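Q:
Residue numbers (our numbering): 1 to 407.
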């Protein structure tokens with residue numbers, strides 16, 4: 001059932017109309033696969049980072065089921081298709097205009113040839129008939145509902161037990177200047193048509209050059225806002241909610257979900273901003289208090305991106321050699337430069353492999369589904385486990401548990 005026909009969130013009609021006028025995001029269409037990779041949209045990588053293991057699938061099982069909830073113009077859907085070949089992907093959005101762009105994007109990129117993709121004009125609140133999913137991605141959708149809690153509960157109901165949900169929500173600390181502009185424009189009755197867009201852009205041209213709001217825009221957002229659709233989404237959106245950490249965790253608890261971790265953990269690491277005695281004091285605190293310190297110290301954090309799960313996770317540490325040698329491995333799809341020793345890793349950071357590590361990875365590629373301890377390598381088990389453990393730690397090698405021989 002189309003959400004346009006029977007909206008189940010008060011903001012749906014106005015938000016749908018807004019995105020019909022300004023299909024978002026405004027990333028250009030292109031022929032061929034999307035540039036690079038975003039590991040958060042590769043399900044194997046997401047599970048490996050969050051749990052230490054890729055999704056366990058038995059032979060003959062159904063394809064991976066992925067939901068892209070609030071897909072907009074299909075940027076995330078395109079990556080999901082190319083990074084999860086063979087998956088069944090349902091991409092939904094309330095804007096028909098945005099979905100027209102999404103369909104063209106997937107057609108031109110070849111995403112439809114990589115995965116089975118359905119793009120539907122539906123609300124994420126209306127998916128009861130779609131069953132449950134192995135992975136749900138929802139970037140920038142829930143904070144545009146009048147009742148975000150209802151949206152989160154709806155997504156939670158679509159998760160399989162133990163499955164992951166990746167979310168992106170606005171953080172109020174890093175958007176306070178944006179909120180001031182929004183309130184100013186709203187007070188003058190500036191809406192969401194082309195004339196309103198012109199007036200909003202005019203504001204930044206007439207504010208004094210040393211005005212803090214103008215400086216913030218020019219230094220942080222001007223490049224992102226070159227496209228009118230991106231500018232409108234930032235300053236003219238008719239419905240949005242922002243969070244701080246305290247409200248974020250209350251939001252997660254409202255749907256009885258488990259917080260697994262941030263998908264940009266380096267942003268929340270005190271090492272990024274502190275050193276010496278103050279760093280030692282910060283690292284002695286519980287993790288959530290460390291995050292609160294970072295929220296206080298960095299007012300430029302403009303969003304939260306994080307993983308949730310349905311039920312607690314018990315991450316595998318791969319400290320036991322027998323478990324490691326019984327596991328099967330696969331190379332991360334999020335590597336640039338393979339095969340070779342000099343790569344870019346899943347975060348696009350330089351990565352140098354040893355000759356032995358390259359040899360191990362090639363052996364794994366040549367013998368898929370073979371336990372690491374049974375690979376045709378003339379090495380002792382200690383050598384294999386040491387190399388594999390380092391590659392797993394760096395998310396180059398993704399592991400699935402095997403049957404540990406009884407002793």
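Positions of the beta carbon are idealized from the N, C-alpha and C atoms, including for glycine.
Here the structure is a predicted model, which means the values were calculated and not measured.
1) Please check if any C-beta of chain B sits within less than 8 Å of the C-beta of residue 341.
2) So, for residue 328: in the same chain, excluding its five sequence neighbours on each side, which residues have a beta-carbon less than 8 Å away from its beta-carbon?
3) Check the C-beta distance from residue 242 over to residue 175 and give it rounded, since I have them as a contact under 8 Å.
4) Per DSSP, residue 19 is paired with what?
5) So what's residue 230 in DSSP terms, helix, strand or just coil?
6) For residue 320, does the count of other Cβ atoms within 10 angstroms reach 16, so buried, or fall short, so exposed?
7) Note down the Cα distance separating residue 25 from residue 234, rounded to an integer number of angstroms.
8) Residue 300: which of 32, 219, 271 and 237 sits nearest, CA to CA?
9) Determine the closest residue to residue 133 out of 124, 188 and 191, with distance taken between C-alpha atoms.
10) In angstroms, rounded to a whole number, what distance separates the CA positions of residue 298 and residue 250?
11) How do the stretch 192-206 and the stretch 244-260 stand: do at least 3 beta-carbon pairs fall below 8 Å, yes or no?
12) Going by alpha carbons, who is nearest to residue 21 out of 186, 127, 97 and 83?
13) Would you report the Cα separation of residue 268 and residue 178, rounded to the nearest angstrom?
14) Return the CA-CA distance between residue 58 and residue 126, expressed in angstroms with no decimal places.
15) Buried or exposed: where does residue 16 fall if 16 or more other Cβ atoms within 10 Å of its Cβ makes it buried?
16) Consult DSSP for residue 328 and reduce its assignment to one of helix, strand or coil.
17) Helix, strand or coil for residue 69 per DSSP?
18) With DSSP as the reference, label residue 179 as helix, strand or coil.
A: Quick look at the numbers:
1) Any reference to chain B falls outside this structure, which holds one protein chain only.
2) Result list for residue 328: 368, 369, 370, 371, 372, 399, 400 and 402, in chain order.
3) Sure, about 6 Å apart at Cβ, within 8 Å.
4) Looking at the DSSP assignment, residue 19 forms no beta bridge with any residue, so it has no partner.
5) helix
6) exposed
7) 11 Å
8) 219
9) 124
10) 21 Å
11) no
12) 97
13) Approximately 22 Å between the Cα atoms of the pair.
14) At residue 58, the pLDDT of 43 sits below 50, so the modelled position is not reliable; the number obtained from the coordinates is stated separately. In a straight line, the C-alpha of residue 58 is about 30 Å away from that of residue 126.
15) buried
16) strand
17) strand
18) helix
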